[in-house]
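The structure appears right after this line, and notes come after that.
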DNA sequence: ATCATCCTCCAAAACGTTTTCGGTACAGGT
DNA sequence: ACCTGTACCGAAAACGTTTTGGAGGATGAT
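Chains as they are written, first to last, in this note's numbering: chain A, 170 to 523; chain B, 170 to 523.
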């Protein structure tokens with residue numbers, strides 16, 4: 170009976186060029202009102218099991234899928250979140266863990282039926298679209314951002330915006346925004362402690378640029394470990410640069426030329442650490458016999474170099490995953506917070522006892 | 170005069186919790202109809218310069234930005250394209266060039282005002298959402314996909330769908346879908362030719378898995394070069410595996426154990442090539458003195474190993490960029506096609522004369 | 001018999017645009 | 001004086017949903 174109607178609907182349009190079927194078609198075919206179809210499909214209580222079942226059957230028979238645009242218009246929620254990945258397009262610095270974080274974000278959001286829309290913020294773009302405009306343009310329900318520098322103009326906007334937002338590695342917590350990170354000071358503390366336990370007394374620190382919040386936290390852990398152990402902190406042992414391999418190379422050379430007594434170096438990223446290792450070799454130093462090097466991140470590359478790199482592993486996938494989860498939490502009305510994901514010291518071949 | 174109205178509008182809502190302003194507000198404040206505002210803002214001809222100017226002023230004063238959802242509902246175009254990245258979440262295989270391709274896609278689409286929405290297709294998902302449903306759910310205007318295997322069920326759907334689509338490295342051209350790739354047979358031909366010119370006569374081939382279209386094309390080039398030069402092709406010199414480092418490692422060992430006369434190996438990816446180099450070292454062979462190795466892709470890693478890897482560079486960013494451009498072309502009514510982006514033989518330290 | 005209550009269901013409003021169709025006013029040509 | 005054309009503008013329909021405010025009928029209590 171309603172099968173006939175379906176057939177008629179089918180026939181109304183060409184075979185392949187079948188017009189988009191809407192809720193109206195389903196209603197007609199099922200012999201109920203539009204309202205009822207919507208109700209049935211959205212699991213409202215006030216529809217009898219019988220009609221609900223019929224609606225479901227007809228809907229799937231017609232291969233109906235609701236128009237998310239129309240729905241979004243009325244509900245003003247799009248089940249979409251905006252993802253800001255900064256510095257993504259800086260050629261040569263395709264940060265190896267960005268993809269992992271991205272995967273994590275996706276994994277958590279997909280479960281909840283959210284999709285991701287990519288906002289790339291190329292630094293050096295003519296005019297930067299204001300943060301809130303990004304949201305307004307695409308009507309995303311929330312935002313996730315990583316790769317931002319502390320000096321980025323977005324930072325200030327985010328601090329005062331009223332958009333549910335989760336950041337990675339940027340310590341901001343407001344009524345709307347929370348952030349995810351490793352416990353950088355503890356991680357750094359552990360790394361230094363490990364070196365000290367190996368007998369090293371003069372340990373240098375190649376830190377990331379001062380535009381990254383993590384740089385300060387890691388410096389903190391570095392200081393604390395040295396002070397706690399009674400060795401004391403020396404300004405001259407710390408040097409800063411961006412997170413690239415070249416940066417690590419240059420820093421290492423400078424650091425060891427100025428302080429030849431250094432026997433171990435803590436480096437704020439694996440990429441830099443690998444650069445540092447290269448510098449060591451070029452300076453005629455053996456790793457780890459003459460100098461121990463310990464990195465940060467644990468990227469794939471860390472196991473591909475000789476010797477393999479001792480490092481502090483960050484759970485990059487999990488950082489992303491948690492970002493998604495926490496955003497969902499905020500969207501459900503939860504309170505934004507700082508959530509930390511555990512790190513782990515991974516001991517490989519680039520460190521040894523003094 | 171209209172300034173007052175604006176003030177009134179402003180006052181109507183709390184300071185920060187200012188309600189969303191719509192086209193209606195702009196119309197009221199500018200003293201024209203909704204229609205006129207829409208026309209003025211969308212650069213229609215039939216509106217006087219005077220009113221147009223006023224509308225623009227009021228709109229920017231009110232900080233108005235049109236609701237893209239509402240617009241999408243009526244125009245049924247969303248200025249959004251869907252991006253399918255397959256195998257993105259396979260842990261341990263965060264293909265290093267995915268991010269570069271992604272950047273390229275973004276770069277080209279952003280110019281045209283398109284945004285990207287990420288569809289991740291985790292292999293091994295419970296139920297795979299049909300290709301067309303992906304589009305219908307999010308109402309994207311077109312699709313770009315990379316990382317798909319030839320055996321992926323999507324392939325068949327794509328072949329018969331009527332959604333503007335561009336693929337990378339998957340040779341399908343229909344009225345709706347085109348694809349971007351390097352000229353793999355030529356690239357492979359050149360690589361072998363180069364090895365032959367170095368004096369090598371027994372050159373093996375570690376190919377990618379047979380689920381990748383490129384594997385066949387590269388095999389083609391390999392064969393042709395050998396046959397053209399009169400050396401001839403031998404089945405036993407070719408071995409297949411996935412594109413991982415371990416795959417490369419194992420293949421190399423097997424290949425050289427079975428054919429110790431081989432003096433040069435062409436490897437279908439840098440990751441595999443690096444695995445092969447490791448295997449060579451483990452077998453007591455020096456690279457390039459005992460065996461030359463040439464890779465494919467030119468990922469960053471290629472310059473980080475010792476010796477640095479000779480390889481065929483693929484323009485990963487450009488592959489993505491072109492995918493975006495070609496999709497735009499199709500969306501504008503252009504004919505889908507195969508567009509090839511140039512490759513380049515990069516000679517480094519892993520190859521030498523026999 | 002009457003009334004309140006519950007269960008189903010529906011008509012219509014609303015969401016914020018774009019687009020269609022037409023209307024007004026003014027100019028110029030006859 | 002009349003028609004024609006042109007330039008500008010507006011009312012209303014349309015897009016496909018969700019949501020609001022009942023309506024109709026059955027059931028149970030009084």
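Ideal Cβ positions, reconstructed from N, Cα and C, are used throughout, including at glycine. Since the model is a prediction, treat every value here as computed from it, not as a measurement.
How close, in whole Å, do the beta carbons of residue 417 of chain A and residue 452 of chain A come, if the pair is a contact with beta carbons under 8 Å?
Not quite, the Cβ-Cβ distance comes to about 13 Å (not below 8 Å), so this is no contact.
Short CB-CB distance (under 8 Å) between residue 350 of chain A and chain B:
no
How would you label residue 213 of chain A, buried or exposed, when you count the other beta carbons within 10 angstroms and need 16 or more for buried?
Taking a 10 Å sphere around the C-beta of residue 213 of chain A, we find fewer than 16 other C-beta atoms and assign the residue as exposed.
Proximity test, Cβ basis, 8 Å: residue 241 of chain B and chain A:
yes
Terminal residues of the continuous alpha helix (DSSP H) containing residue 503 of chain A?
Note, residue 503 of chain A: premise wrong, no alpha helix (DSSP H); not H, not E.
Residues that DSSP places opposite residue 314 of chain B in a beta bridge
B/253 and B/336
Runs of 3 residues minimum, wholly inside the stretch 372 to 437 of chain B: which ones carry the beta strand (DSSP E) assignment?
372 to 376, 407 to 409 and 433 to 436
Mind listing the chain A neighbours of residue 267 of chain B? Cutoff is C-beta to C-beta under 7 Å, in chain order.
Residues of chain A passing the Cβ test: 268.
Within 8 Å (strictly less), CB to CB, does residue 332 of chain A reach chain B?
No, no contact with chain B.
How many Å lie between residue 480 of chain B and residue 426 of chain B at the Cα?
24 Å
Reference residue 249 of chain A, options A/215, A/271, A/510 and A/278, closest by Cα:
A/278
Hey, could you find the ends of the alpha helix (DSSP H) residue 341 of chain B is sitting in?
That residue, residue 341 of chain B, is in no alpha helix (DSSP H); it is neither H nor E in DSSP.
Bridge-paired residues (DSSP) for residue 482 of chain B:
B/466 and B/513
Using a C-beta to C-beta distance shorter than 7 Å, which residues of chain A count as neighbours of residue 306 of chain B?
234 and 237
Applying the 10 Å Cβ sphere with the 16-neighbour rule, what's the burial state of residue 495 of chain B?
buried
Might you give, ordered along the chain, the residues of its own chain that have their beta carbon closer than 7 Å to the beta carbon of residue 397 of chain B, omitting 5 neighbours on each side?
Answer for residue 397 of chain B: no residue qualifies.
Other residues of its chain near residue 432 of chain B: CB distance less than 8 Å, five sequence neighbours each side excluded
369, 370, 371, 372, 459, 460, 461 and 523
Residue-level contact to chain B via CB, residue 289 of chain A, 8 Å cutoff
yes
If I follow the unbroken alpha helix (DSSP H) through residue 206 of chain A, where does it start and stop?
203 to 210
Enclosing alpha helix (DSSP H) for residue 576 of chain B [first to last residue]:
Past the edges of chain B, shown from 170 to 523, lies residue 576 of chain B, and the structure says nothing about it.
Residue 511 of chain A, buried or exposed, once every other Cβ within 10 Å from all chains shown has been counted against 16:
exposed
Within 8 Å, strictly: CB atoms of residue 286 of chain A and residue 305 of chain B
no
Say whether chain A places a C-beta atom closer than 8 Å to the C-beta of residue 285 of chain B.
By this cut-off, residue 285 of chain B is an interface position.
Using 8 Å as the Cβ pair cut-off and three pairs as the minimum, do the stretch 341 to 354 of chain A and the stretch 499 to 519 of chain A touch?
yes
Strictly by DSSP, which residues pair up with residue 450 of chain A?
Looking at the DSSP assignment, residue 450 of chain A forms no beta bridge with any residue, so it has no partner.
If residue 281 of chain B sits next to residue 488 of chain B, beta carbons under 8 Å apart, how far is it from one beta carbon to the other, in whole angstroms?
Not a contact, Cβ separation roughly 18 Å.
Would you tell me roughly how many angstroms separate the C-alpha atoms of residue 493 of chain B and residue 406 of chain A, rounded to the nearest one?
48 Å
Are residue 524 of chain B and residue 404 of chain B closer than 8 Å when you measure CB to CB?
Outside the shown range of chain B (170 to 523) lies residue 524 of chain B, about which nothing can therefore be said.
Ignore the nearest five residues each way along the sequence and tell me which others in residue 310 of chain B's own chain have a CB closer than 8 Å to its CB.
Counting only Cβ-Cβ distances below 8 Å, and skipping sequence neighbours, we find 246, 247, 248, 249, 250, 283, 333 and 500.
Show which residues of chain B have a CB atom less than 8 Å away from the CB atom of residue 470 of chain A.
Contacts between residue 470 of chain A and chain B, judged by CB atoms closer than 8 Å, involve 470 and 473 in chain order.
Quick one: does residue 443 of chain B have its CB under 8 Å from some CB of chain A?
yes
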